[in-house]
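**Q** Pasting a structure here, questions to come.
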Amino acid sequence: MVYICGLDESGRGPVIGFLVIAGALIKENEINKLRELGVKDSKLLSPLQRESIAKELRKIVKYKLIKLSPREIDGAVEGQNSNLNWLEADNTIKILNELKPNKAYIDCPSNNIEAYKNYLQKKLKSDIELHVGHKMDFIAEICSAASILAKVERDKEIENIKKKIKIDFGSGYPSDPKTQEFLKKHYKDFPDIIRKSWASYKNLIENKKQRKIGEY
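Here the sequence shown stands for residues 1103 to 1318, numbered as in this note's numbering.
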């Protein structure tokens, strides 16, 4: 029996909240079940479609989710021996070592696909046939399934944060005006949800410092 796994993430770019990495595992001869569900790259589906498909996916695939906090992300981005790509790779390895597929389809965050693939290969505990590339969530249904599970989990976490702090900060992406406004007003109030290694946060702090200096 051949088992295939897809891996993808959601929340790589936002300045607020978790990055979620998902792995989805299915028997290769059951891949048609994903097609019947209407599985496709999560960006091509509405939030309601994603939630509906994710609910059914959980019944037919084995899956693993890893949520990386802003602190973990900051540690990798600002650390000397890591970066966001290697943080993602290390957690991709954790998922592959747990799910133990025969083949894996991985959406690659790095521009250097070969180096990323080699890094994964060296740390795997078993022999897995790796298919690593860009837009893999668009090409392989099992990778699309992982992208849906990751996106739904990320969206759920964002809604949980909003309920907890009782403020709607929008999508959490730096380009979102609502997120920008939230950061300006509350960057000191909720440090645990903000990625302080992001340029949008650093620029905000720098501008605040410059204004204070200019006040003298």
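Glycine included, C-beta positions come from ideal geometry on N, C-alpha and C.
In this text, all values refer to a predicted model and were calculated from it rather than measured experimentally.
What runs of the beta strand (DSSP E), each 3 residues or longer, lie entirely inside the segment 1263 to 1293?
**A** none
**Q** Tell me whether K1253 is buried or exposed, calling it buried when 16 or more other Cβ atoms sit within 10 Å of its Cβ.
**A** Residue environment for K1253: buried (at least 16 other C-beta atoms within 10 angstroms of its C-beta).
**Q** Ordered along the chain, which non-local residues of its own chain (more than five positions away) have a Cβ less than 7 Å from that of A1247?
**A** Counting only residues of its own chain and dropping the five nearest sequence neighbours on each side, A1247 has a CB closer than 7 Å to the CB of G1108, A1126, L1136, V1141, L1159 and V1163.
**Q** Rounded to the nearest angstrom, what separates Y1275 and E1261 at their Cα positions?
**A** 14 Å
**Q** Exposed or buried, L1150, counting other C-beta atoms within 10 Å across all chains shown (16 or more means buried)?
**A** Sixteen is the threshold: since fewer than 16 other Cβ atoms of the shown chains lie within 10 Å of the Cβ of L1150, the residue is exposed.
**Q** If you measure between the beta carbons of I1208 and M1238, is that distance less than 8 Å?
**A** yes
**Q** What separation, rounded to the nearest whole angstrom, lies between the Cα atoms of Y1221 and T1194?
**A** 11 Å
**Q** Check the DSSP bridge columns for H1057 and list the partner residues they point to.
**A** Since the first residue of the chain shown is 1103 and the last is 1318, residue 1057 is not available in this structure.
**Q** Thinking just about the alpha-carbon of each residue, which of I1128, K1157 and H1288 is nearest to the one in I1250?
**A** Out of I1128, K1157 and H1288, K1157 has the C-alpha closest to the C-alpha of I1250.
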